[in-house]
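Asks: Protein chains in written order, with my numbering: chain A, 2 to 581; chain B, 4 to 372; chain C, 12 to 375. Have a look at this one before I ask anything.
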Amino acid sequence: MRAGVMRALTWRAPEIRLRNPGLWAIGSMSLVASFFIILPVLTIILSSFRVGLPGEFSPLTLANYREAFFDPFTWQVLVNTLFFALGTVVVILFFAVPSAWLIQRTDIPLKKLWLTLLALGIVIPTFLKAIAWILLLSPQIGIVNRLLIDAFGLSGPPFNIYNIWGMSFVQGVILTPPAFFMIAAAYKSMDPSLEEASYASGASGLVTFIRINFPLSLPAIIAATLYLFITAIEVFEVPGLIGAPARIFVFSTLIYYATHPEVGLPKYGLAGGYGMIVLVLALLGSYFYYRVIRQSHKYEVVTGKGYRPKLVELGRLRGLAILFLLIYFTLEIFLPFLTLVWASLVPYIQVPSAEAFTKVTLANYLKVPDYAGLRPFLNTALLMLIAPTISMVFSLILSWVVIRSKVKGRYVLDGVAFLPHAVPSILFAVALSYLALAYREFFPVYGTLTIIVLANSIKYISFGTRTVNGALIQIHHDLEEAAEVSGASKVKVLSSIITPLLGSALLNGWLWISLLAFREVTMALTLSSPKNVMLSTLVWNLWSAGYVPEAAALGVMMVFVLGGFLVLARKLGEKVIGGL
Amino acid sequence: MSVEIRNLTKVFGVGEKGVFAVRGVSLTVEKGAFLTLLGPSGCGKTTTLRCLAGLERPDEGEIILSGQVVVSTSRGIYMPVNQRPIGMVFQSYAIWPHMTVFRNVAYPLQSMGIAKGEIRRRVEHCLELVGLGRLEQRLAPNLSGGEQQRVALARALVMEPEVLLLDEPLSNLDAKLREGMRVEIRRLQRQLGITTVYVTHDQVEALSMSDMVGVMHNGRLVELDTPRGVYERPRTRFGAEFIGTANLVRGRRSGLSEGGWKAAETELGTLCYASPGCSEPAGEEVDFLIRPEDICVSPHSAAGPESNMPNRWRGEVTQAIFLGPDLDCEVSVSGVRLRARLTRSHELKAGDQVDVCIDPQNIKPLMRY
Amino acid sequence: MIHERPSESGHCWRFVGSAWLVVLSVSGLFPGNGNAITPTQAERLPRLIEAARREGEIDFAGPSSLTPKGAQALIAALNKKNGLALKLNYVPSTNYPAVVSRVITEIQAGQAPTFDAVYLTEFNMAKLHSRGFLDPFDWRGIFNYVTRDSIHFDDGGILIATIFTLPVYNTNLIKSQDLPKQWEDLVSPRWKKKLVVAKYVQHWVSLSEVWGEEKSVEFLKRLRAQEPLYALYPEIQTRLASGEYALAASQVSPFVEVARQRGMPIDYVDGVTPVPVLFDMMGVPKRSRHPNAARLFVAFSLTPEGQAVWADFTGRSSLFIPGTPAAKFGRGKKLLMRNMKALVENPERFEKLENKFADALGIK
């Protein structure tokens with residue numbers, strides 16, 4: 002009889018498999034994301050084997066690689082790039098590690114203020130910050146240099162921004178906030194009993210930080226370092242503004258000038274060839290990144306239990322700690338912002354002087370409405386709302402598949418999610434633009450706002466998946482299995498358990514991507530059309546037309562608007578997450 | 004038959020690096036019975052449970068839950084976890100911290116798409132059942148360990164599953180609470196008549212709660228019997244040593260029989276034992292199990308051992324530890340150290356000469372394993 | 012091609028007058044030229060305006076210094092003059108070659124270009140022209156004020172602004188007696204590490220017509236040896252105004268005009284000769300979506316009203332149009348005009364020179 006029952010049961014087999022549409026949905030979403038990432042990357046690779054403009058179909062050739070590889074200049078650039086990236090991460094670590102510890106694990110006051118400032122810094126456009134630093138550290142007019150010369154009677158300027166270290170310093174200061182948030186997560190989730198055991202052994206707060214916290218957070222620090230190393234290889238603005246005028250080139254500037262030449266036509270193929278070198282560098286970096294991440298599971302000190310970590314009492318060192326943060330924010334926000342405000346108040350950019358103060362005017366602010374209609378604001382708002390949403394939804398799905406599923410090749414998927422970070426933005430945008438042009442009948446997004454949103458959504462999937470990966474690892478697997486045992490489908494588990502549990506991580510990631518998309522200018526410029534002007538491209542255009550005061554005025558206004566947005570988003574987020 | 008496992012095998016890793024977590028486990032649990040899987044960490048008990056739940060996919064074997072084949076590798080049947088008629092309690096409780104107690108317990112019913120009023124009725128009933136009626140609106144992180152445990156239990160029971168699975172549910176509780184919960188879980192299980200599979204490494208839990216105990220070792224099910232059965236008549240050396248304390252004496256069957264007992268030559272001398280209904284070949288090496296409480300120790304009498312009593316030797320106390328109700332005693336007989344548990348009325352100390360005797364009924368030959 | 016401006020001016024106008032007559036008579040004599048029935052000029056303008064009205068808007072890639080405000084001023088003036096309500100969608104081009112490559116890519120993909128009208132330098136316009144991607148138009152058949160001097164690239168490109176290129180300096184930082192007297196003075200050791208050099212070579216290409224290739228390359232190499240700071244034109248302005256650098260080897264007139272408007276302490280180094288004159292042009296690419304509105308817009312930029320707006324916002328105007336700031340500036344100067352005939356006939360030669368000079372200057 003049993004045999005009969007069982008035979009009857011075998012009929013159910015296919016039905017059971019097909020009754021899992023949720024899994025299909027998750028799988029196909031992963032594939033869609035991969036498709037949108039891989040296609041532009043393949044386009045870039047293909048373009049590096051062609052010469053001429055996209056669409057002028059030339060035969061496949063190695064000419065670009067010949068030009069790139071047989072030029073000793075390329076190797077000089079490689080050395081520059083590596084030193085620049087290295088210098089940048091050194092500066093980042095110098096600021097990010099102590100501030101992460103101070104804000105997460107000590108009783109330093111005004112934590113909310115520091116956190117808001119960290120996020121606010123991102124709002125000031127990078128190129129405006131770079132200009133501020135030129136005004137501060139240029140050997141000719143640098144305010145800091147002048148003050149030091151006057152104060153100590155020096156014969157020459159002590160600082161020169163026009164070298165690799167000057168570039169690294171500025172870039173490092175600018176990239177510290179993302180590093181802070183990556184490292185802070187590790188400190189936040191560290192089991193406090195490990196620290197307490199150190200205190201019980203008679204160690205002081207500082208010794209505990211150096212001997213316990215720091216080594217335990219090392220995987221997170223190394224991971225953040227590698228991630229930002231790759232970022233530093235790819236960023237354009239600081240090397241473009243500070244390095245290139247002094248003929249110090251890195252790959253990102255080389256790629257920019259290959260696609261935006263002053264002489265001749267853009268060489269997208271050559272740019273693609275350089276891009277491949279960057280890609281290889283970045284993939285090497287990401288290989289180490291993965292090794293660190295894998296090993297970090299050994300260090301996994303997150304128990305998933307609810308606990309309130311004990312905060313280190315700074316005592317007499319409190320003043321020193323605050324001073325450290327103040328110095329950082331002076332470098333990252335106050336000085337550049339003051340410079341920005343100054344630049345927005347004078348008819349043309351000049352060093353502050355008694356004479357200059359007589360020229361101070363609000364005229365530049367009054368001109369802003371003429372330069373920016375309503376459209377850039379609307380476009381930017383849409384971008385800031387839609388791009389992070391798409392990015393985080395895909396990040397959540399990809400991360401979940403990578404961290405929690407047992408699908409074969411899931412690590413490949415993680416590698417794919419990392420790709421957009423490894424590819425220079427300009428090339429990514431050029432490829433996307435060409436694809437949109439070539440396939441406009443199937444996918445009519447060429448020259449629209451949609452394509453800028455799409456580009457940002459894809460570009461920041463790397464950042465999103467890193468954020469979600471880190472947070473997902475910390476959520477006890479049982480919480481998910483308990484839901485499955487309770488009869489929930491995978492999709493329901495994702496929506497009703499994981500998403501709310503990841504709440505603050507998702508919100509944070511969303512907010513960051515929103516700000517990054519707001520600031521993003523290279524892709525938006527490449528994809529621009531009359532219909533999709535962004536605030537960032539507007540500021541860039543004003544600046545590049547020599548309208549520095551107007552650009553500064555717009556920049557100052559953006560800082561205020563986004564500062565408000567930031568505070569509001571935080572409040573709203575706390576409310577939503579707290580309400581769950 | 005409510006739970007049936009046939010030849011269950013699960014390998015972690017692939018190829019050369021593959022490790023057998025479970026190999027060839029077969030067992031059945033009667034409807035309404037309480038089976039405990041007992042074993043040290045890494046023995047495969049949790050993996051077996053997870054295969055039952057559908058959280059792991061076995062490499063081989065069949066699983067039948069209340070008459071329904073949920074896994075059959077040979078026929079390509081695999082029912083995903085969320086469709087199986089089970090409830091499960093996790094070691095970490097896995098109470099969702101972002102939900103209230105009520106919503107935690109209501110979750111399985113929502114997944115089943117049950118009407119709101121019905122959900123409320125059943126959740127309240129269930130919380131009442133586990134004694135948490137007043138905490139409905141509390142957020143999970145604000146619960147004590149014992150309360151979380153009860154929420155987890157309520158959540159597992161609320162959909163009235165055919166089979167209840169519990170994965171070391173008591174291991175995070177303190178000793179006092181654990182004792183209470185043991186009784187409580189067993190009471191609930193009896194009251195609801197729900198077939199239960201329970202995983203633990205704690206033998207007291209296993210022996211006190213179960214109808215059947217399965218002992219696992221290296222992925223194999225080495226014992227499967229009633230609690231009394233696994234304690235008194237283990238089949239394997241591992242089973243004997245893992246549960247309680249075991250004196251193991253190695254010997255060779257002599258084939259002789261003295262006074263109705265079978266006999267073997269051991270380090271202690273000739274050992275008589277009872278082995279009903281078996282006729283093992285002589286000359287085979289065999290381990291004998293002697294439980295400490297089955298060893299009688301008395302101060303040495305000058306009269307000497309009565310020669311007509313089997314299993315009577317002379318020995319010397321090497322260690323005696325007073326434990327309150329009991330006296331834990333180590334006796335050396337012909338160089339073999341035996342642990343004996345005596346009542347506190349015995350007043351022995353190290354160096355005392357003693358007579359040692361063991362009833363042949365209490366000596367069990369073990370399977371070679 | 013060195014012209015003494017005053018004498019050339021008069022000659023030029025006489026010539027234009029006669030040419031205009033010739034065109035008129037030719038179009039009257041041969042009605043098969045273009046359209047089946049060639050309407051008179053009086054009929055054609057309203058037709059064009061009507062077609063533009065139907066198109067409604069213009070997508071325009073203009074210099075970023077025009078700014079959205081300037082673009083609105085332009086279209087407002089055009090609308091007022093013609094009784095229209097056209098919309099100008101202006102995209103600032105920060106890099107002309109990128110605009111050119113985009114238009115080429117789009118046309119080659121068989122699509123209408125993003126831009127109905129483009130504003131480019133003559134070298135960049137040449138790249139569109141050599142591929143046949145500029146839409147030729149009988150400008151003079153409709154707009155009688157458009158002179159021959161303004162029509163180039165086989166009726167495909169209209170000269171909107173003449174750009175003068177000279178060294179410039181911060182008037183607060185250098186005394187006039189210390190200024191360079193001629194181009195060659197820029198390579199004096201006095202300016203080592205103290206010079207800003209533009210990342211363009213068009214004007215050096217012009218100078219090479221006088222100097223010869225060899226001398227030019229030698230000069231640029233020595234300029235490079237000065238270890239200058241390399242910058243784009245707007246950036247030169249910023250670096251000079253802020254006082255970071257005192258002297259720029261070259262700057263183009265629009266930025267000097269704007270600098271003066273804003274009260275920046277920047278001025279030309281006077282007396283350096285000859286003055287290379289570059290030609291900024293506008294054109295309508297093939298397959299444009301709004302070609303009639305675009306043509307109207309391009310032609311309007313040559314009217315006195317249009318030139319005034321361009322001059323106000325960008326400091327750009329054409330010396331071929333009387334009364335403009337450029338016409339005033341050019342008066343009495345030894346100007347070195349771009350040889351357009353040579354450029355149209357052999358654009359490759361110029362491209363080669365550009366590359367060679369960029370190489371020598373170290374900006375490649």
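For every residue, glycine included, the Cβ atom is placed at its ideal position computed from N, Cα and C. All of these numbers come straight from a predicted model, not from anything done at the bench.
In whole angstroms, what is the alpha-carbon distance linking T76/B and R189/B?
Replies: Whole-angstrom Cα-Cα distance: 33 Å.
Asks: Run the CB neighbour count on T331/A, radius 10 Å, all protein chains shown included, and call it buried at 16 or more, exposed below.
Replies: exposed
Asks: What are the residues that DSSP puts in a beta bridge with I174/C?
Replies: I174/C pairs with L289/C.
Asks: Determine the contact status of V104/B and E139/B, defining contact as a CB-CB distance below 8 Å.
Replies: yes
Asks: State buried or exposed for L367/A, treating a residue as buried only when at least 16 other CB atoms are found within 10 Å of its CB.
Replies: exposed
Asks: Between L97/C and the rest of its own chain, which residues show a CB-CB distance below 7 Å, the 5 nearest in sequence each way excluded?
Replies: A63, G67, E68, I69, I86, L89, N90, A304
Asks: Considering only C-alpha positions, which residue in the set M82/B, I67/B, K367/B is nearest to R236/B?
Replies: For the residues M82/B, I67/B, K367/B, the minimum Cα distance to R236/B belongs to K367/B.
Asks: In whole angstroms, give me the CA-to-CA distance for L3/B and V74/B.
Replies: Any answer about residue 3/B is impossible in this case: the structure gives chain B only from 4 up to 372.
Asks: For H261/A, count the other beta carbons within 10 Å of its own beta carbon; 16 or more makes it buried, fewer makes it exposed. Which is it?
Replies: buried
Asks: Have a look at M212/B, E288/B, R60/B, W99/B and flag the residue whose alpha-carbon is nearest the alpha-carbon of R193/B.
Replies: M212/B
Asks: If contacts are defined as beta-carbon pairs under 8 Å, then K210/C and A242/C qualify, I think. What distance do you get, rounded to the angstrom?
Replies: 7 Å
Asks: For Q356/B, does the three-state DSSP call read helix, strand or coil?
Replies: Reduced to three states, the DSSP call for Q356/B is strand.
Asks: How about V357/B and H303/B: are their beta carbons less than 8 Å apart?
Replies: yes
Asks: Under the three-state reduction of DSSP, which class applies to R51/A: helix, strand or coil?
Replies: coil
Asks: For my contact list, M351/C and V288/C are in at a C-beta cut-off of 8 Å; report their separation, rounded to the angstrom.
Replies: At roughly 11 Å, the Cβ-Cβ gap does not stay under 8 Å, so M351/C and V288/C are not in contact.
Asks: Counting along the chain, where does the beta strand (DSSP E) carrying C275/B start and finish?
Replies: Run containing C275/B: 272–276, per the beta strand (DSSP E) assignment.
Asks: Assign C46/B to one of three DSSP states: helix, strand, or coil.
Replies: coil
Asks: Which word fits L386/A, buried or exposed, when buried means at least 16 other C-beta atoms lie within 10 angstroms of its C-beta?
Replies: Residue burial is scored here from C-beta neighbours: L386/A has fewer than 16 other C-beta atoms within 10 angstroms and is therefore classed as exposed.
Asks: Looking at the unbroken alpha helix (DSSP H) that takes in D290/B, where does it start and where does it end?
Replies: Per DSSP, D290/B belongs to no alpha helix (DSSP H); it is in the beta strand (DSSP E), 288–293.
Asks: Enumerated in chain order, which unbroken segments of the alpha helix (DSSP H) with a length of 4 residues or greater are wholly contained in the region 215–266 of chain A?
Replies: 215–235, 252–260
Asks: Given a cut-off of 8 Å on the beta-carbon distance, is the pair I293/B and I361/B in contact?
Replies: yes
Asks: Which class does V446/A belong to by DSSP, given the choice of helix, strand or coil?
Replies: In this structure, V446/A counts as coil in the three-state DSSP scheme.
Asks: Does G338/B come out as helix, strand or coil in the three-state DSSP assignment?
Replies: Judged by DSSP in its simplified three-state form, G338/B adopts coil rather than helix or strand.
Asks: Spatial neighbours of G318/B within its chain, please: C-beta separation below 6 Å, excluding the five flanking residues on both sides.
Replies: The answer, listed in chain order, is V334, S335, V336, V357, V359.
Asks: Where do the N-terminal and C-terminal ends of the alpha helix (DSSP H) with L118/A fall, by residue?
Replies: L118/A -> alpha helix (DSSP H) spans 112–121.
Asks: Does K368/A come out as helix, strand or coil in the three-state DSSP assignment?
Replies: helix
Asks: For W381/C, which residues in the same chain have their Cβ closer than 8 Å to its Cβ, ignoring the five residues on either side in sequence?
Replies: Because chain C here runs from 12 to 375, residue 381/C falls outside it and cannot be looked at.
Asks: Taking only three categories from DSSP, how would you classify R9/B?
Replies: strand
Asks: Quick check on this structure: which residue in G157/A, D415/A, Y548/A has the alpha carbon closest to the alpha carbon of V369/A?
Replies: Y548/A
Asks: Closer than 8 Å, Cβ to any Cβ of chain A: which residues of the region 252–285 of chain C, in chain order?
Replies: A252, S253, G254, E255, Y256, F266, V269, A270, R273, G274, M275
Asks: Can you tell me whether DSSP reads M275/C as helix, strand or coil?
Replies: coil
Asks: Determine, using beta carbons only, whether I427/A and T538/A come nearer to each other than 8 Å.
Replies: no
Asks: Listed in chain order, which residues of the region 345–374 of chain C have Cβ atoms closer than 9 Å to some Cβ of chain A?
Replies: E362, E365, N366, F368, A369, G373, I374
Asks: Okay, do the region 125–132 of chain A and the region 92–103 of chain A touch, 3+ Cβ pairs below 8 Å being the bar?
Replies: Result no; under three Cβ-Cβ pairs closer than 8 Å.
Asks: Is the shortest distance between the beta-carbon of R147/A and the beta-carbons of chain C less than 8 Å?
Replies: It does not; no Cβ of chain C falls within 8 Å.
Asks: Nearest to P421/A by CA position, among E235/A, F561/A, L516/A, is which residue?
Replies: E235/A
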